[in-house]
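Residue numbers (the numbering used here): 17 to 242.
Glycine included, every Cβ here is placed at the ideal spot set by N, Cα and C.
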């Protein structure tokens, strides 16, 4: 996938900067690779005002200011639900796997009723939080002999808080899903969320409904999840 820098003007603050833009893949053919491309989308963040979008020149309206300034949005943006636990550990992981940005993007899109994008944002946030749990768990294991009892408890508490946030995101996706019609990739994400919540019967029922529209590699992918 090729990419190129473009000068763009932020739709919120009207300031310009260079942004690295990746070519958008053609997702019209339903394949496992295209599903993963659909899920793993890129965001642009204005370095001046922090506006988050798939394209900083698009999607802003004044009604979003109340959302951007809300407690809910800023809790997600600053990871305040982690209660500074991460700052006592290696918080570089939070910058490397920016679940907060995707969650904030989802909050914005949910507010303007762009539910497909909202689901994509929440789902990507879930995937990144799962990666954070893996990285912190790995770090704990590697450093275990040198850790104090307090530090070990901090790692455990951080993972507990991330898992709680993941569960909230998953239920948010299930609630929004009812507004989505006819998007096969959203259907697959919905099934993944059901499986993550151990709702196997519902996941299998949904898979039976759509499997005639799916290639075998996606069916195999779903069946081998979790």
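Beta carbon of residue i nearer than 8 Å to that of residue j
i: residue 57; j: residue 70; result: yes
i: residue 32; j: residue 24; result: yes
i: residue 186; j: residue 102; result: no
i: residue 55; j: residue 117; result: no
i: residue 95; j: residue 110; result: yes
i: residue 83; j: residue 124; result: yes
i: residue 195; j: residue 131; result: yes
i: residue 227; j: residue 235; result: yes
i: residue 97; j: residue 181; result: yes
Residue i - partner residues in DSSP beta bridges
i: residue 22; result: 35
Cβ-based burial, residue i [other Cβ within 10 Å; buried from 16]
i: residue 126; result: buried
i: residue 140; result: buried
i: residue 133; result: buried
i: residue 166; result: exposed
i: residue 208; result: buried
i: residue 198; result: exposed
i: residue 135; result: buried
i: residue 160; result: exposed
Reduced DSSP secondary structure (H/G/I, E/B, other) of residue i
i: residue 61; result: strand
i: residue 69; result: strand
i: residue 157; result: helix
i: residue 147; result: helix
i: residue 91; result: helix
i: residue 77; result: coil
i: residue 44; result: coil
Touch check for the region 205-221 and the region 231-242: three-plus C-beta pairs under 8 Å?
-> yes
Could you say if the region 145-161 and the region 186-206 meet the contact criterion of at least three C-beta pairs nearer than 8 Å?
-> no
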